[in-house]
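Below: one structure, written as structure tokens.
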Amino acid sequence: MNQIYRKSPFWSLAGPLLAYLAIRWAVEAALMMLILIPYLPDVYAELMQMGAQSAVDMQEFMEVYMKAMEPAVETVVRYQVEISGAAAAGTLVLTGILFAKDRKLERACGIPLPEKKPVSLYVLTAVFGAVGSIAATCLMAMAQMAFYDNSYQQTAQVMYGAGFPVQLAVLGVLIPAAEEMMFRGILFKRFRERQRFWYSAVCSSVFFMFMHTNTTQMVYAFLLGLMLAYLYEKTGSVKAPVLLHIMMNAGSVIFTEAGVFGWLGADPARMVPAVIGGAFICSAIFVKIQRITDSGKPEPPQDAPGPLDMFR
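Numbering-wise (this note's numbering), the sequence shown opens with residue 9 and increments by one.
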């Protein structure tokens, strides 16, 4: 724990989260209105024409309105990924400012900066993310979570309906970077100022989980959040969880586009080795990352707490 004094610990957590949600909502609402406005004159003309011909009740009015707005709604759905990307970019302005202020406050409080990590750590993290995306996707398919989650199916249809470059830029890079800056760079780090590791990791992961709209993604987000918080704790840098999250998302986009998941899912005999092999590789990389992050640290006294001391 880093004992940093804040006048209002509650608002130091709630304030950034509410501002993050407000920015996302404002950007998405503004862009959707820009898409809808050109269609409004035609909708208004059709409603006026219908009203001039005969008296209509509210139900008929709404039916005509919804039918007239169908092209506008379809356009919004078609550009949903781009809208989400713009909202994520908007939040990066907020989290970038808050992140810089937090690091300045740490320096003012005399908290030492984390040691610079070797490039090999980030190479291993990238491989972990790529392999982990295959193992996690195959495991969810084997558990048939996605197949019974209609909300997930609808979300996937919308998100993977965009062009590949847009998917890669928004789903693979922009959104995971924005989420990491908020939920690990700000929330987890501020929780960690006064709380133990597991409390901080679980709370930040719960908030991260509820940012997703279906059960499959919520379960995945919670478990991934714990892993990302642990990586941040071990490395002391937000760059590692950002990289891991990007590789997980980008890997999913690339392997879907390349047909890897379709090929694996066509035969259970392929999915099982993919899950087992992926889990083995990720476990080996995890151990290697542990050794890299622990190297160079002085040996603790024999009567000192063990490795779990980091969770205090």
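Glycine included, every Cβ here is placed at the ideal spot set by N, Cα and C.
In this chain, the alpha helix (DSSP H) harbouring N257 covers K247 to A266. A residue is called buried when at least 16 other Cβ atoms come within 10 angstroms of its Cβ; M235 meets this threshold and is buried. Taking the Cβ atoms as the reference, A138 lies roughly 13 Å from G285, outside the contact range of under 8 Å.
Per DSSP, reduced to three states, the secondary structure at K242 is helical.
Here the alpha carbon of T224 sits roughly 46 Å from the alpha carbon of Q57. Cβ contact annotation for A185 (same chain, cutoff 6 Å, sequence separation greater than five): V250, in chain order. Around the CB of Q162, fewer than 16 other CB atoms lie within 10 Å, so the residue is classed as exposed.
In this structure, DSSP gives M77 a state outside helix and strand, which the three-state scheme calls coil. Residue F107 holds the alpha-carbon nearest to the alpha-carbon of S245 among F107, F288, S159 and R14. The alpha-carbon of M70 is positioned some 15 Å away from that of V81. Of V295, G193 and R204, the smallest CA-CA separation from D110 is found for G193. Counting only residues of its own chain and dropping the five nearest sequence neighbours on each side, G98 has a CB closer than 8 Å to the CB of I31, R32, A34 and V35. If you ignore the 5 residues before and after F215, its C-beta comes within less than 8 Å of the C-beta of L25, F191 and L195, all in its own chain and listed in chain order.
Burial of T103 is indicated by the presence of at least 16 other C-beta atoms within 10 angstroms of its C-beta.
Sequence-distant Cβ neighbours of L113 in its own chain, meaning closer than 7 Å and more than five residues away, are I12. For I105, the uninterrupted alpha helix (DSSP H) run begins and ends at Q88 to A116, by DSSP.
DSSP places D302 in the helix class (H, G or I) of the three-state scheme. Look at the beta carbons and you see the stretch 138-148 touching the stretch 261-273: at least three pairs across the two are nearer than 8 Å.
The beta carbon of S20 is closer than 8 Å to those of R14 and R198 in its chain, skipping five residues each way along the sequence.
When DSSP states are grouped into helix, strand and coil, K296 belongs to the helix group.
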